Amino acid sequence: MNRRLALKQLALAAGGLALIPSCDFSEEKVLAAYDELQITESQQKLLQKLVDTIIPKTDLKGATELGVHDFVLVMANDCMSAEEQKQFLSGLKGFDDYTKKTFGTRFTKMDNAEAEKNVNAILEGKPTSNGELASQYFLQTTKKYTIQGYLNSEYVMTALMPFQLVPGPEFNGKKEIVPGEKVNING
Amino acid sequence: MANLNIKNKQENTYGAIVIGSGMSGGFAAKELCDKGVKTLVLERGRSVIHNKDYPTTNMMPWEFEHRGQMPEDIQRENPVVSRCYAFREDAAHFFVKDKEHPYIQEKPFDWIRGYQTGGKSLLWARQVQRWSDHDFEGPARDGFAVDWPIRYKELAPWYSYVEKFVGVAGFHDGIPHLPDGEFLPGIELTAAEEYFKSIVEQKYPGRNVISGRCAHITGNAEYYAKQGRGICQHRTICQRGCPFGGYFSSNSASLPWAQRTGNLTLKNNAVVHSIIYDDAQQKATGVRVIDSNTKEVTEYLAPIIFVNASALNTNLILLNSTSKRFPNGLGNDNGLMGKYVAFHNYRGGVSGEYDGLKEFTTEGKRPTSGYMPRFRNVDKQETKFLRGYAAGIHGSRSKDVNYSGTGADLVKNMMSPSYGPWRIGSHMMGETIPKESNYVALDTDKKDEWGMPQLKVNVDYDQNDLDMIQDYRDQLAEMFDAAGFKNIRTWDDERRPGLDIHEMGGVRMGHDPKTSLVNKHHQLHACQNVYVTDGACMTSTGTQNPSLTYMVFAARAVDHAMKNQG
Chain G
0 MNRRLALKQL
10 ALAAGGLALI
20 PSCDFSEEKV
30 LAAYDELQIT
40 ESQQKLLQKL
50 VDTIIPKTDL
60 KGATELGVHD
70 FVLVMANDCM
80 SAEEQKQFLS
90 GLKGFDDYTK
100 KTFGTRFTKM
110 DNAEAEKNVN
120 AILEGKPTSN
130 GELASQYFLQ
140 TTKKYTIQGY
150 LNSEYVMTAL
160 MPFQLVPGPE
170 FNGKKEIVPG
180 EKVNING
Chain Y
0 MANLNIKNKQ
10 ENTYGAIVIG
20 SGMSGGFAAK
30 ELCDKGVKTL
40 VLERGRSVIH
50 NKDYPTTNMM
60 PWEFEHRGQM
70 PEDIQRENPV
80 VSRCYAFRED
90 AAHFFVKDKE
100 HPYIQEKPFD
110 WIRGYQTGGK
120 SLLWARQVQR
130 WSDHDFEGPA
140 RDGFAVDWPI
150 RYKELAPWYS
160 YVEKFVGVAG
170 FHDGIPHLPD
180 GEFLPGIELT
190 AAEEYFKSIV
200 EQKYPGRNVI
210 SGRCAHITGN
220 AEYYAKQGRG
230 ICQHRTICQR
240 GCPFGGYFSS
250 NSASLPWAQR
260 TGNLTLKNNA
270 VVHSIIYDDA
280 QQKATGVRVI
290 DSNTKEVTEY
300 LAPIIFVNAS
310 ALNTNLILLN
320 STSKRFPNGL
330 GNDNGLMGKY
340 VAFHNYRGGV
350 SGEYDGLKEF
360 TTEGKRPTSG
370 YMPRFRNVDK
380 QETKFLRGYA
390 AGIHGSRSKD
400 VNYSGTGADL
410 VKNMMSPSYG
420 PWRIGSHMMG
430 ETIPKESNYV
440 ALDTDKKDEW
450 GMPQLKVNVD
460 YDQNDLDMIQ
470 DYRDQLAEMF
480 DAAGFKNIRT
490 WDDERRPGLD
500 IHEMGGVRMG
510 HDPKTSLVNK
520 HHQLHACQNV
530 YVTDGACMTS
540 TGTQNPSLTY
550 MVFAARAVDH
560 AMKNQG
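Quick note, the sequences are listed as chains G and Y, same order. First residue of the first sequence? That's 0 in numbering that gives the first Met the number 0, and the numbers climb one at a time after it. First residue of the second sequence? That's 0 in numbering that gives the first Met the number 0, and the numbers climb one at a time after it.
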């Protein structure tokens with residue numbers, strides 16, 4: 000607290016109101032992603048369920064609660080090449096049918112335990128058909144972005160693995176590790 | 000009409016003109032203004048004012064729509080600038096996009112530019128190693144270029160002068176070919192780097208590992224507060240622009256300082272078309288400027304002109320400054336302007352892991368890392384290739400995250416990172432040999448939207464570079480092995496020239512007007528009220544990041560101009 004105040008005073012001395020946080024995060028990006036990728040309401044629900052399956056609520060907040068499914072779509076819309084996007088959408092659109100055919104139940108109808116088991120099975124499986132390949136690619140990509148969106152969320156980077164925008168001038172190149180101390184990937 | 004002309008001429012007349020507001024131009028402007036000269040700085044890009052125009056500097060990681068990654072369409076449309084390590088969501092607005100300012104690659108060349116107040120001084124890697132006579136005497140000793148007309152002894156006091164103002168953190172390492180500077184407290188190495196240092200010094204006498212000298216304020220707070228800057232807070236996101244002014248840039252230091260003298264006029268969106276030469280007076284009298292928005296042409300007059308447009312753009316402006324006296328470009332009597340372009344060879348890389356020092360990690364962040372000064376051909380020529388390389392050395396304790404599983408298992412795995420081995424990496428910083436065949440020239444047909452000829456770039460690697468890369472890989476791998484590092488990998492990333500972002504030459508310094516363009520005071524031999532103190536005047540490249548030396552050139556040249564131009 001004292002340190003924070005000292006840093007704020009230093010900031011004021013150095014550059015005025017420089018450290019007042021700016022935030023212009025746009026909902027437009029999210030809407031654009033849904034629109035441009037032509038995601039239907041049922042596909043949105045599927046993706047939300049999938050994201051929730053990959054990182055569910057535990058004693059910690061789950062991914063869906065943090066809006067990670069929106070992040071997944073923004074990344075698919077903006078950061079994939081046309082070919083990657085085509086594969087992703089193909090996997091998404093065919094996923095319910097694929098799980099119906101393979102596991103007997105549409106993904107969106109599965110209970111949590113069944114959904115998790117089957118997602119794992121697809122991720123770890125060795126695809127032998129185009130449908131299997133498309134689903135695996137879709138799941139791998141969704142898992143990758145789900146993890147990225149979750150770990151880079153405000154919740155994780157403030158409450159769980161704190162990130163410091165202004166760490167301060169101390170650097171210790173040889174700090175002794177205290178046994179049992181939690182490792183912070185953002186520290 | 001006559002009165003209008005006279006008034007207009009007076010308004011557009013200055014004591015000096017500086018083309019470019021980056022590292023070298025900004026410093027030239029500060030020096031001129033400090034000495035009481037009414038100075039016009041011409042910047043072709045938009046205005047960027049310290050702190051006011053750093054849109055991402057206070058953004059948290061989760062506030063970036065793509066969490067830092069550049070969208071695919073932007074990358075696809077900008078293949079050149081997308082290869083730059085800092086072209087990401089937080090700094091992309093400070094880079095020239097590929098279609099905005101086209102150039103002609105006769106051979107592949109990545110020209111990375113920043114057109115705004117401060118230029119690339121906002122974006123630089125902030126390493127500031129001094130040159131020594133190993134560098135200035137290099138061309139003469141090894142016979143690959145004309146002799147530099149200056150030596151370290153003449154520059155040493157200017158290095159100290161510039162370092163003091165800039166704020167340089169470093170240790171006094173006592174290495175003759177990498178002289179110590181005017182240092183603020185240095186930033187320590189990590190445990191793994193210290194360990195590697197001890198092995199190198201024990202097994203390879205004459206080789207050193209040091210903390211890279213960097214342009215970050217680590218002390219003397221009262222002195223830098225007078226510039227409006229504060230102590231570096233180790234954010235390590237300098238490319239966004241630093242709210243504390245903790246690292247040096249024109250925007251945080253030189254230009255505000257110059258502004259406070261009351262002698263500075265800074266004009267943005269000012270495309271310098273050419274320098275005006277008066278045949279009767281036999282000197283340059285001013286510059287012709289195109290407003291990048293309105294396309295209006297204005298002439299500004301001054302008895303002294305500093306050309307600091309950055310290396311290749313300085314070549315372009317001078318080549319485009321033709322007159323009856325100089326049909327091939329201002330000062331280009333010998334036809335060598337644009338030739339002997341060089342760059343830094345950054346292709347090599349090495350990595351490894353260290354299983355020792357298990358009980359330690361690092362705490363906090365730091366804006367520099369380890370540095371190994373060059374050790375090849377230092378006292379004499381000893382390898383197949385000429386000159387040599389320095390190496391970055393960075394050792395950090397890895398934090399391993401387990402991403403396996405799904406559901407509650409995945410959550411538990413992600414939230415239980417563990418320490419892995421120390422990861423040691425190295426990157427190569429090699430000197431390249433300037434060659435007449437490496438050149439830039441004006442295209443006579445293709446012009447940009449302001450009527451400027453497009454620049455043709457014909458620059459490539461040669462066998463000397465390839466041999467150097469192999470040696471770097473072999474030597475670093477050997478030293479890593481001697482230190483007991485495991486999983487050692489070496490690579491050549493085969494990047495195109497230019498991606499080192501240290502292009503130099505074309506308007507080289509030398510003693511003889513027949514074989515060089517600029518004299519020992521940085522004046523064009525043939526037009527001595529024009530000074531060139533940016534990368535264009537480099538006769539050879541050294542291995543060091545050149546920005547510090549460019550500022551030294553600027554300060555020393557302004558001093559000369561004040562004593563000699565009236």
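Positions of the beta carbon are idealized from the N, C-alpha and C atoms, including for glycine. Since this is a predicted model, take the numbers as computed values, not measurements.
Output the boundary residues of the alpha helix (DSSP H) element that contains G/Thr101.
-> Your numbering for residue 101 of chain G matches position 102 in the first sequence. Counting along the chain, the alpha helix (DSSP H) containing G/Thr101 begins and ends at Ala81 to Phe102.
What did DSSP end up calling G/Glu115 once you bin it into helix, strand or coil?
-> Reading the first sequence from its first residue, position 116 is the one you call residue 115 of chain G. Helix at G/Glu115.
Would a check of beta-carbon distances place Y/Pro60 closer than 8 Å to chain G?
-> In the second sequence, the residue the question calls residue 60 of chain Y occupies position 61. Judged by the 8 Å Cβ criterion, Y/Pro60 is in contact with chain G.
Can we say the region 111 to 128 of chain G touches the region 143 to 153 of chain G, given the rule of at least three CB pairs closer than 8 Å?
-> no
Y/Trp256 burial status per 10 Å Cβ neighbour count (16 or more: buried) = Along the second sequence, one-based indexing puts residue 256 of chain Y at 257. By the neighbour-count rule (16 or more Cβ atoms within 10 Å), Y/Trp256 is buried.
For G/Glu169, does the count of other Cβ atoms within 10 angstroms reach 16, so buried, or fall short, so exposed?
-> Stepping through the first sequence from its first residue, residue 169 of chain G is reached at position 170. That one is exposed.
If you count every other CB in all the chains shown that lies within 10 Å of the CB of Y/Val199, and 16 or more means buried, which is it?
-> Here residue 199 of chain Y corresponds to residue number 200 of the second sequence, with the count starting at 1. By the neighbour-count rule (16 or more Cβ atoms within 10 Å), Y/Val199 is buried.
Under 7 Å by beta carbon: chain G residues contacting Y/Arg66 = The sequence position of residue 66 of chain Y within the second sequence is 67, counting from 1. Simply Gln147 and Asn151.
Determine, using beta-carbon pairs with one atom in the region 532 to 544 of chain Y and one in the region 334 to 349 of chain Y, whether at least three such pairs fall under 8 Å.
-> yes
Would the beta-carbon of Y/Arg566 fall within 8 Å of that of Y/His215?
-> Examination of residue 566 of chain Y is not possible in this model, given that chain Y is present from 0 through 565 alone.
Rank Y/Gly245, Y/Gly351, Y/Asp134 and Y/Ala90 by C-alpha distance to the C-alpha of Y/Gly227 and give the top, closest one.
-> As a first step, residue 227 of chain Y must be located in the second sequence, where it is residue number 228. With distances taken between Cα atoms, Y/Gly227 lies closest to Y/Gly245.
Please report the Cβ distance between Y/Leu318 and Y/Asn331, rounded to the nearest whole angstrom; I am assuming they are in contact, meaning their Cβ atoms lie under 8 Å.
-> Residue mapping note: residue 318 of chain Y aligns to position 319 of the second sequence, counting from 1. Residue mapping note: residue 331 of chain Y aligns to position 332 of the second sequence, counting from 1. Yes, Y/Leu318 and Y/Asn331 are in contact; Cβ-Cβ is about 7 Å, under 8 Å.
Interface residues of chain Y around G/Glu115 at Cβ under 7 Å?
-> As a first step, residue 115 of chain G is located in the first sequence; it is residue number 116 there, counting from the start. By Cβ distance, chain Y contributes Thr405 and Gly406.
Okay, do the region 294 to 304 of chain Y and the region 0 to 19 of chain Y touch, 3+ Cβ pairs below 8 Å being the bar?
-> yes
From which residue to which residue does the beta strand (DSSP E) around Y/Ile274 run?
-> In the second sequence, residue 274 of chain Y corresponds to position 275, counting from 1. Start and end: Ala269 to Asp277.
With which residues is Y/Ile5 paired in a DSSP beta bridge?
-> The count along the second sequence starts at 1 and reaches residue 5 of chain Y at position 6. Looking at the DSSP assignment, Y/Ile5 forms no beta bridge with any residue, so it has no partner.
Per-residue contacts from Y/Cys231 into chain G (C-beta, under 7 Å) | Translated into the one-based positions of the second sequence, residue 231 of chain Y becomes position 232. Those within 7 Å of Y/Cys231 in chain G are Pro168.
Backbone CA spacing between G/Asn76 and G/Gln84 [nearest angstrom] | For the purposes of this step, residue 76 of chain G is identified with residue 77 of the first sequence, where counting begins at 1. For the purposes of this step, residue 84 of chain G is identified with residue 85 of the first sequence, where counting begins at 1. The alpha-carbon atoms of G/Asn76 and G/Gln84 are separated by roughly 7 Å.
Along chain G, in chain order, which residues have C-beta atoms closer than 7 Å to that of Y/Arg365?
-> As a first step, residue 365 of chain Y is located in the second sequence; it is residue number 366 there, counting from the start. By Cβ distance, chain G contributes Phe170.
Under 8 Å Cβ-Cβ, which residues of chain G neighbour Y/Glu358?
-> On the second sequence, residue 358 of chain Y is found 359 positions in, with the first residue counted as 1. In chain order: Glu175 and Ile176.
Is the beta carbon of G/Ile184 less than 8 Å from the beta carbon of Y/Pro60?
-> Taking the first sequence and counting its residues from 1, one reaches residue 184 of chain G at position 185. Taking the second sequence and counting its residues from 1, one reaches residue 60 of chain Y at position 61. Their beta carbons are not under 8 Å apart, which means G/Ile184 does not touch Y/Pro60 by this criterion.
Spatial neighbours of Y/Asn50 in its chain, beta-carbon cut-off 7 Å, leaving aside the 5 residues before and after = The count along the second sequence starts at 1 and reaches residue 50 of chain Y at position 51. The answer, listed in chain order, is Pro242.
With Y/His426 as the anchor, note down where its alpha helix (DSSP H) starts and where it stops.
-> Here the question's residue 426 of chain Y lines up with position 427 in the second sequence. Where Y/His426 is concerned, there is no enclosing alpha helix (DSSP H), although the beta strand (DSSP E) it sits in stretches over Ser417 to Glu430.
How about Y/Leu188: is its C-beta nearer than 8 Å to some C-beta of chain G?
-> One-based indexing of the second sequence puts residue 188 of chain Y at position 189. So, interface residue.
Among all the DSSP beta bridges, which residues are the ones paired with Y/Asp399?
-> Looking up residue 399 of chain Y in the second sequence gives position 400. DSSP lists Y/Ser417 as partners of Y/Asp399.
Quick one, which of Y/Val288, Y/Cys213, Y/Gly25 and Y/Arg43 has its alpha-carbon nearest Y/Arg129's?
-> Working through the second sequence from its first residue, we reach residue 129 of chain Y at position 130. The option with the nearest alpha carbon to Y/Arg129 is Y/Cys213.
Where does the unbroken alpha helix (DSSP H) through Y/Met503 begin, and where does it stop?
-> Along the second sequence, one-based indexing puts residue 503 of chain Y at 504. Run containing Y/Met503: none in the alpha helix (DSSP H); it sits in the beta strand (DSSP E), Met503 to Gly505.
Partner residues on chain G for Y/Ser417, Cβ-Cβ distance less than 8 Å = For the purposes of this step, residue 417 of chain Y is taken as the residue at position 418 of the second sequence. What Y/Ser417 touches in chain G: Val182.
In chain order, what residues of the same chain have a beta carbon less than 6 Å from the beta carbon of Y/Val557, not counting five sequence neighbours either side?
-> Position 558 of the second sequence, counting from 1, holds the residue named residue 557 of chain Y. Taken in chain order, the residues that qualify are Ala27, Glu30 and Leu31.
Under 9 Å from the C-beta of Y/Arg234: neighbouring residues of chain G = One-based indexing of the second sequence puts residue 234 of chain Y at position 235. In chain order: Gln163, Leu164, Val165 and Pro166.
Assigned exposure category for Y/Trp597 - 16 Cβ within 10 Å defines buried = Here chain Y comprises residues numbered 0 to 565, so residue 597 of chain Y is not present and cannot be evaluated.
At what residue ranges does the region 212 to 291 of chain Y contain a whole run of the beta strand (DSSP E), taking only runs of 3 or more?
-> 263 to 266, 269 to 277 and 282 to 290
So is Y/Gly35 buried or exposed if we call it buried at 16+ other beta carbons inside 10 Å?
-> Taking the second sequence and counting its residues from 1, the one referred to as residue 35 of chain Y is at position 36. Y/Gly35 is exposed by the Cβ-count criterion.
CB contact check: Y/Thr361 to chain G, cutoff 8 Å = Your numbering for residue 361 of chain Y matches position 362 in the second sequence. By this cut-off, Y/Thr361 is an interface position.
Identify the contact partners of Y/Lys398 in chain G, using a Cβ-Cβ distance below 7 Å as the criterion.
-> For the purposes of this step, residue 398 of chain Y is identified with residue 399 of the second sequence, where counting begins at 1. What Y/Lys398 touches in chain G: Val182 and Ile184.
To the nearest angstrom, how far is it from the Cα of G/Lys173 to the Cα of Y/Gln238?
-> Along the first sequence, one-based indexing puts residue 173 of chain G at 174. Along the second sequence, one-based indexing puts residue 238 of chain Y at 239. Approximately 27 Å between the Cα atoms of the pair.
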